[in-house]
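Note sheet for the following structure.
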Amino acid sequence: MRSAATAVVAGTASGQEPAGPFDKPTAKFNKAAQDKLPKWAFRDPLKIPLVARPSAIGTYEELMKEGATPFGETDPIPIGEVYHGIAREWGETPEHWRSFGCNPSWVGSQAWNDKCKNFGTVPSHRKGEPDLGNWGGLPIKCYKIPIVEAEFQLGHVAPFPARMYTFAGMVPGPSLKMRLGQPVIVRFQNHLEAEVSVHLHGAHSPSHSDGFPSFYVLQGKSRDYFYPNILPLKKACKEEPRKTEKGYVTDVGESQSTMWYHDHAMDATGYNVSKGLAGFAPCLGEHELKLIHDGILPGLGPDSCRDPELCRLVTDPKRVAELEDPDHPGFYRYGKEPYHNPYDIPIVLQDKVIDPETGQIAFETAGHNGYLGDTFFLNGVAWPYLNVENRKYRFRFLDGSNARIYRLRFLAEDDYFRMQAQGVDPAGEDENAADVIRRRPHRYDEVAKPFLRIGKDSWLWSKAVEKSSVVLAMANRADLVVDFKKLAPHLKPGEEACFYLVNTMPQFDGRGPKVKLDDGGDPRVLPLPFDTATTPVAELNRPIGLMKIVVQGPPVERDACVEKDTELNPHEAIRDDEVEVVREFIFQRGKGAWMVNGRFYDPTIANATPTLGSAEEWVLRNGGGGWWHPIHIHLESHQLISYEKDFEADAIIDPQDPPAPPPPGPLTQVADQMGEVELRGLHDTQVLGPNTVARLRMRFRTWSGPFVFHCHNLEHEDMRMMHNFEPVPRCEESHESRLEAKKAANIAPDARTHGNDVTLQPRGNEGELRVGELPWEYPAVPTTPVRDAGEDQISPRRPPKS
Numbered sequence: 003m004r005s006a007a008t009a010v011v012a013g014t015a016s017g018q019e020p021a022g023p024f025d026k027p028t029a030k031f032n033k034a035a036q037d038k039l040p041k042w043a044f045r046d047p048l049k050i051p052l053v054a055r056p057s058a059i060g061t062y063e064e065l066m067k068e069g070a071t072p073f074g075e076t077d078p079i080p081i082g083e084v085y086h087g088i089a090r091e092w093g094e095t096p097e098h099w100r101s102f103g104c105n106p107s108w109v110g111s112q113a114w115n116d117k118c119k120n121f122g123t124v125p126s127h128r129k130g131e132p133d134l135g136n137w138g139g140l141p142i143k144c145y146k147i148p149i150v151e152a153e154f155q156l157g158h159v160a161p162f163p164a165r166m167y168t169f170a171g172m173v174p175g176p177s178l179k180m181r182l183g184q185p186v187i188v189r190f191q192n193h194l195e196a197e198v199s200v201h202l203h204g205a206h207s208p209s210h211s212d213g214f215p216s217f218y219v220l221q222g223k224s225r226d227y228f229y230p231n232i233l234p235l236k237k238a239c240k241e242e243p244r245k246t247e248k249g250y251v252t253d254v255g256e257s258q259s260t261m262w263y264h265d266h267a268m269d270a271t272g273y274n275v276s277k278g279l280a281g282f283a284p285c286l287g288e289h290e291l292k293l294i295h296d297g298i299l300p301g302l303g304p305d306s307c308r309d310p311e312l313c314r315l316v317t318d319p320k321r322v323a324e325l326e327d328p329d330h331p332g333f334y335r336y337g338k339e340p341y342h343n344p345y346d347i348p349i350v351l352q353d354k355v356i357d358p359e360t361g362q363i364a365f366e367t368a369g370h371n372g373y374l375g376d377t378f379f380l381n382g383v384a385w386p387y388l389n390v391e392n393r394k395y396r397f398r399f400l401d402g403s404n405a406r407i408y409r410l411r412f413l414a415e416d417d418y419f420r421m422q423a424q425g426v427d428p429a430g431e432d433e434n435a436a437d438v439i440r441r442r443p444h445r446y447d448e449v450a451k452p453f454l455r456i457g458k459d460s461w462l463w464s465k466a467v468e469k470s471s472v473v474l475a476m477a478n479r480a481d482l483v484v485d486f487k488k489l490a491p492h493l494k495p496g497e498e499a500c501f502y503l504v505n506t507m508p509q510f511d512g513r514g515p516k517v518k519l520d521d522g523g524d525p526r527v528l529p530l531p532f533d534t535a536t537t538p539v540a541e542l543n544r545p546i547g548l549m550k551i552v553v554q555g556p557p558v559e560r561d562a563c564v565e566k567d568t569e570l571n572p573h574e575a576i577r578d579d580e581v582e583v584v585r586e587f588i589f590q591r592g593k594g595a596w597m598v599n600g601r602f603y604d605p606t607i608a609n610a611t612p613t614l615g616s617a618e619e620w621v622l623r624n625g626g627g628g629w630w631h632p633i634h635i636h637l638e639s640h641q642l643i644s645y646e647k648d649f650e651a652d653a654i655i656d657p658q659d660p661p662a663p664p665p666p667g668p669l670t671q672v673a674d675q676m677g678e679v680e681l682r683g684l685h686d687t688q689v690l691g692p693n694t695v696a697r698l699r700m701r702f703r704t705w706s707g708p709f710v711f712h713c714h715n716l717e718h719e720d721m722r723m724m725h726n727f728e729p730v731p732r733c734e735e736s737h738e739s740r741l742e743a744k745k746a747a748n749i750a751p752d753a754r755t756h757g758n759d760v761t762l763q764p765r766g767n768e769g770e771l772r773v774g775e776l777p778w779e780y781p782a783v784p785t786t787p788v789r790d791a792g793e794d795q796i797s798p799r800r801p802p803k804s
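Heads up: take any position in the sequence shown, counting from 1, add 2, and you land on the working numbering.
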């Protein structure tokens, strides 16, 4: 045990942080009044984002033929010939795909058809229909999305409309509804005065299209983002009937569901996202379509599995008028979009500071602790309401905030207003007393309404789990089903019952959630980012209202049949003997900003080079200081293997900058206190609470080229808490030399591929090179190896002997 002397604030006020992002008197974050709503709250309806309509649909040959205009008659530039080009994999075949049976010497349509043949199939959601091709099983869809400034009125009292950054003039951006097996090309055209880079969060996409921080869409330029929407391949079992000629099958457990897209430009993501650059990109796989088709998940059954333009673009003017929104040409009218589902509601949560004198979003670019706001927006509407039928609804919640972590609950109207007025604590109790705080979650549990959680991040869980709250960190998604029939069973025609979506997470600065004390050195940080049997997450005495839900009429007779323990989408665990390498990454504050393994982000190097076709175990360690870091890893899902915490270190908060690392203490394993379904689910963003260590496993498949992982507190990301990794083909060297190479990559940086080299370039002298990335201003690899994190690195694990 540590001595009592260490269990106090370590340091003095001499290291106080500089003024944060809310030092302007007309736009100050009011942390004391987060739960106090304006009189006009809940007057405006929740907006459902419009769905983009494709500009062209066709085969590779049709879209690439001479004279084709896949992005409309006003844009004659062929696919891939814009300034920033398109991914190489659109028209060529990487050498390492030879292992799948592909021929790397082929190009164009010959290469495309070769991939269609060798990337396997997926069982159709309709019984008796043939399997769907994994690569190009359905015709290619093309979209054109301009990135422009537009004006929006933010609330009822803002004196002027706010100037926002938008995708296609919408906040949030239009939904890009995708389907696994149907490739998509989106031409993002930048009309802003700032550079952007678009990341499709949760996707398994080529490096050129992943939103690498320096793979910009420059001002006045365009980039063609190629999303193949494929499942990664895995080696088949002997009895697998769908295996390819080379013995691979599609990994159906990796079928994405709730993806989203947002800006990812280097050093500017926080500002650009706070100004509006984010949108949903739901992806439907055959397995999820079957769950909807068969009435297990909420929807219209087979009608929610249809796309009016699945294989061909509608061109008849009368039919186009029926499909398109009259006020937004190029976007579907609500109810006419692909896979229309009125009982599946996407909701992005964001908080902002609105300057009351100008109506603009107040953002301080020099503040990098984490941007918090006191005005809460759901789908761009401040404190909206939503009318629902008396039945099951699916809600896809996305934490699109820069630095806020939510704990979401549903409360009945009477309970909500009682807690708003009196608090959840009994009268006379000290709301800051430790025992009162400890009992508060149980008091909420007694009145909060139950729901089913069916997924996290981009993937459905294996089973539906009953919950009464959900913790949602930045970039996390929570896929929920709420059965309003159980909440309002006795309503008659014409009657209504009201419920409120609330946030009960106590958070007052960018450091992360903690109990309400004004002292910056408050030692009582929250123990974990999720509930366990022994460590419940602390909550506010008074909940913060987010949205009013009005249930109308009696319960419907026909409804979805999902219940607790309903089987959804099983996943295949990564075995111990698959893991070839173990790497450790420490996320810490230092030198006035944010670091990984003692280094600031360098876009020109590879901090890790995993081998394609391998699995690795990554150890993510929170470097202390009481900060919360949600770590997002691009390209692949990851599986949580263990989650440990040093509870004694919670008593040490060092106000100096940077904080001194806490002395090593005992780590307590808490993963075994999580539910089995939640523990074994897939993730793309893993929260590191204070003084925690998470062990993850990932497979690296399909795509080479540079990708990133980083803290999704966007101010931490912008201030360099990010690393690059680049999957590389397996070399033919000896076993010992491969181990030495992997050991070196775990310690010192390696070279990485330049953006121009992952871009499809003209052959011969056909034209100018496409600018996948601007030239580097300094050498890609330091001449002297740099040890990243001292002696704390974990040695690579030797592969088992075959």
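All residues carry an ideal CB built from backbone N, CA and C; glycine is no exception. Bear in mind that the values here come from a model prediction, so they are computed numbers and not experimental data.
Self-check item: Sheet register partners of ALA89 (DSSP bridge)
Solution: Looking at the DSSP assignment, ALA89 forms a beta bridge with THR761.
Self-check item: From VAL472, ALA477, LEU482, residue whose alpha carbon lies closest to that of LYS465
Solution: With distances taken between Cα atoms, LYS465 lies closest to LEU482.
Quiz item: Within the chosen definition, does the region 499–519 reach the region 548–556 through at least 3 CB pairs nearer than 8 Å?
Solution: Yes, the region 499–519 is in contact with the region 548–556.
Practice problem: Could you check what DSSP says for PHE154 in three-state terms: helix, strand or coil? | Solution: It is a strand residue.
Quiz item: Can you round the beta-carbon distance between ARG722 and TRP629 to whole angstroms, since I take them to be within the 8 Å contact cut?
Solution: Not confirmed; about 14 Å, so no contact.
Quiz item: Under 8 Å, do HIS685 and HIS631 count as touching if we go by C-beta distance?
Solution: Contact flag unset, no.
Exercise. Excluding the 5 residues preceding and the 5 following ARG189 in the sequence, name in chain order all residues of the same chain whose CB lies nearer than 6 Å to its CB.
Key: Cβ neighbours of ARG189 beyond the five flanking positions: PHE73, LYS146, SER224, ASP226.
Quiz item: Taking Cβ to Cβ, would you say VAL53 is nearer than 8 Å to PRO148?
Solution: Result no, Cβ atoms of VAL53 and PRO148 do not sit closer than 8 Å.
Practice problem: Grab the span of the alpha helix (DSSP H) containing THR271 for me, first residue to last. | Solution: For THR271, the uninterrupted alpha helix (DSSP H) segment begins and ends at 271–276.
Quiz item: Going by beta carbon distance, what residues of the same chain come within less than 7 Å of GLY135, once the five residues before and after it are set aside?
Solution: Exclusion of the five residues before and after GLY135 leaves CYS118, THR123, GLY183 as the residues of its chain whose Cβ lies within less than 7 Å of its Cβ.
Quiz item: Applying the criterion that 16 or more other CB atoms from any shown protein chain within 10 Å of the CB defines a buried residue, is ASN274 buried or exposed?
Solution: So ASN274 ends up on the buried side.
Quiz item: So THR704 packs on HIS206, CB below 8 Å; how close in whole Å?
Solution: Taking the Cβ atoms as the reference, THR704 lies roughly 7 Å from HIS206, within the contact range of under 8 Å.
Quiz item: Taking the Cβ atom as the reference point for each residue, do ARG393 and VAL558 lie within a distance shorter than 8 Å?
Solution: Taking 8 Å as the cut-off, the Cβ atoms of ARG393 and VAL558 count as close.
Quiz item: Between ASP401 and LEU454, is the Cβ-Cβ spacing less than 8 Å?
Solution: Their beta carbons are not under 8 Å apart, which means ASP401 does not touch LEU454 by this criterion.
Practice problem: Report yes if the CB atom of PRO663 is closer than 8 Å to the CB atom of GLY615, and no otherwise. | Solution: No; because the gap between Cβ atoms is not below 8 Å, this pair is not in contact.
Quiz item: Using a Cβ-Cβ cut-off of 6 Å (strictly less than) and excluding sequence neighbours within five positions of VAL10, which residues of its own chain qualify?
Solution: Only weak support is given to the placement of VAL10: the predicted model assigns it a pLDDT of 30, under 50, and the question is left unresolved by the model.
Practice problem: To the nearest angstrom, report how far apart ALA440 and HIS492 are at their CA atoms. | Solution: Note that residue 440 is Arg in the sequence shown here, rather than Ala. So the alpha carbons of these two residues sit roughly 35 Å apart.
Self-check item: Residue closest to ALA160, alpha-carbon to alpha-carbon, out of TRP42, ARG699, ASP305, SER111
Solution: Measuring from the Cα of ALA160, the nearest candidate turns out to be TRP42.
Self-check item: Beta-bridge pairing of LEU624 - partner residues as DSSP gives them
Solution: Note that residue 624 is Asn in the sequence shown, not Leu. Partner(s): PHE589.
Quiz prompt | Where GLY303 falls, given that 16 or more other Cβ within 10 Å makes a residue buried | solution = Exposed, because fewer than 16 other Cβ atoms sit within 10 Å of the Cβ of GLY303.
Self-check item: Assigned exposure category for TRP463 - 16 Cβ within 10 Å defines buried
Solution: Burial call: buried.
Practice problem: Determine the direct distance from the alpha carbon of ALA164 to that of ILE363, and round the result to whole angstroms. | Solution: Whole-angstrom Cα-Cα distance: 7 Å.
Practice problem: Compute the distance between the beta-carbons of THR506 and GLU541, then report whether it is under 8 Å. | Solution: For THR506 and GLU541, yes; Cβs fall inside 8 Å.
Quiz item: Do ILE349 and PHE412 come within 8 Å of each other at the CB atom, strictly closer than that value?
Solution: Contact flag unset, no.
Quiz item: If you scan the region 666–709 from start to end, which runs of the alpha helix (DSSP H) of 4 or more residues do you find wholly inside it?
Solution: Residue ranges of uninterrupted alpha helix (DSSP H) with 4 or more members, entirely inside the region 666–709 and ordered along the chain, are 678–682.
Quiz item: On the premise that CYS713 lies in contact with TYR589, defined as a C-beta separation below 8 Å, what is that separation, rounded to the nearest angstrom?
Solution: Note that residue 589 is Phe in the sequence shown, not Tyr. With a beta-carbon spacing of about 6 Å, PHE589 and CYS713 fall inside the 8 Å limit used to define contacts.
Practice problem: State the DSSP-derived secondary structure class of LYS245, mapped to helix, strand or coil. | Solution: LYS245 carries a coil assignment under DSSP once its states are collapsed to helix, strand and coil.
Practice problem: Quick one: using the 10 Å Cβ neighbour count with 16 as the cut-off for buried, is ARG765 buried or exposed? | Solution: Note on ARG765: under 16 other CB atoms within 10 angstroms of its CB, so exposed under the neighbour-count rule.
Self-check item: alpha helix (DSSP H) runs wholly inside the region 36–77, at least 4 long, in chain order
Solution: Counting whole runs of 4 or more residues, the region 36–77 contains the alpha helix (DSSP H) stretches 62–66.
Quiz prompt | Given SER126 as reference, the closest of LEU642, ILE142, MET66, LEU291 once Cα atoms are compared | solution = In terms of CA proximity to SER126, LEU291 leads the group LEU642, ILE142, MET66, LEU291.
Practice problem: Out of SER470, GLN422, VAL251, PRO495, state which residue places its alpha-carbon closest to the alpha-carbon of VAL539. | Solution: The residue among SER470, GLN422, VAL251, PRO495 with its C-alpha nearest the C-alpha of VAL539 is SER470.
Quiz item: Less than 8 Å separating the beta-carbons of SER306 and GLN352?
Solution: Not closer than 8 Å, so no.
Quiz item: Considering only the beta carbon of each residue, do CYS285 and MET180 sit closer than 8 Å?
Solution: In this structure, MET180 lies closer than 8 Å to CYS285 by Cβ.
Exercise. Would you identify the three-state DSSP class for LYS33, choosing helix, strand or coil?
Key: Reduced to three states, the DSSP call for LYS33 is helix.
Practice problem: Taking the CB atoms as reference points, tell me whether ALA283 and LEU202 lie closer together than 8 Å. | Solution: For ALA283 and LEU202, yes; Cβs fall inside 8 Å.
Self-check item: C-alpha distance - GLU359 paired with PHE162, whole-angstrom precision
Solution: Distance between the alpha carbons of GLU359 and PHE162: 8 Å.
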